[in-house]
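Trainee: The number in the working numbering is simply the position in the sequence shown, starting from 1, with 50 added.
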Amino acid sequence: MQPFVNAILNGSAAVLLCLGLLAIKAGHRKLHERLMQVTFLVSTAFLANYLHYHFVTQRAAGATPFRVEGWLHTAYLVLLASHVILAMVNLPMVLRVLWFAHKERWREHRRLAKITFPIWLYVSITGVLVYLCLYVWNPPAPA
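1) Put W170 into one of helix, strand or coil per three-state DSSP.
2) Buried or exposed: which applies to Y100, given that a residue is buried once 16 or more other Cβ atoms fall within 10 Å of its Cβ?
3) Compute the distance between the beta-carbons of G70 and T89, then report whether it is under 8 Å.
4) With DSSP run on the structure shown, which of helix, strand or coil describes K164?
5) Would A131 pass as a contact of V173 if the rule is Cβ separation under 8 Å?
6) In this structure, does DSSP put E158 in helix, strand or coil?
7) Between V144 and A193, what straight-line distance do the alpha-carbon atoms span, to the nearest angstrom?
8) With a threshold of 7 Å on Cβ separation, who are the neighbours of V55 within its own chain once the five nearest residues in sequence on each side are excluded?
9) Out of L171, P190, V178, E154, which has the shortest C-alpha to C-alpha gap to C68?
10) In chain order, what residues of the same chain lie with their CB nearer than 8 Å to the CB of T107, ignoring the 5 residues before and after it?
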């Protein structure tokens with residue numbers, strides 16, 4: 051159940067990010083601010099759930115392997131590696147962007163947000179894809 055919740059949270063973050071971008075492009079600064087606050091809360095809930103799952107639940111049950119072979123397995127590993135690496139890079143960037151907004155340092159906020167947004171969106175979307183690979187498209191373990 052926790053991986054499904056994580057996928058929902060990641061998918062929600064992706065939608066909220068896009069809505070936040072649309073809001074600021076339309077000049078709705080307050081709506082943008084609220085959407086980005088909710089996006090951050092959703093992403094924080096994801097991170098808490100993810101860490102609990104991987105350090106508590108999964109430790110007892112073991113990791114779920116991706117059982118597809120060949121080039122699809124390689125593609126999955128590339129997807130997973132890029133997702134994990136960019137997620138680690140993205141967290142301090144998101145915190146910095148939010149700090150700039152809090153301090154009303156708009157020039158720095160905009161400059162860093164232009165880099166942070168596509169990474170955050172990629173991480174959110176690939177989080178859903180990793181879930182689909184492991185829990186929807188993954189063939190069952192041999193009996």
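C-beta: ideal position from N, C-alpha, C; glycine also.
Mentor: The relevant details are as follows:
1) helix
2) buried
3) Taking 8 Å as the Cβ cut-off, G70 and T89 qualify as a contacting pair.
4) helix
5) no
6) helix
7) 44 Å
8) N99
9) L171
10) Q52
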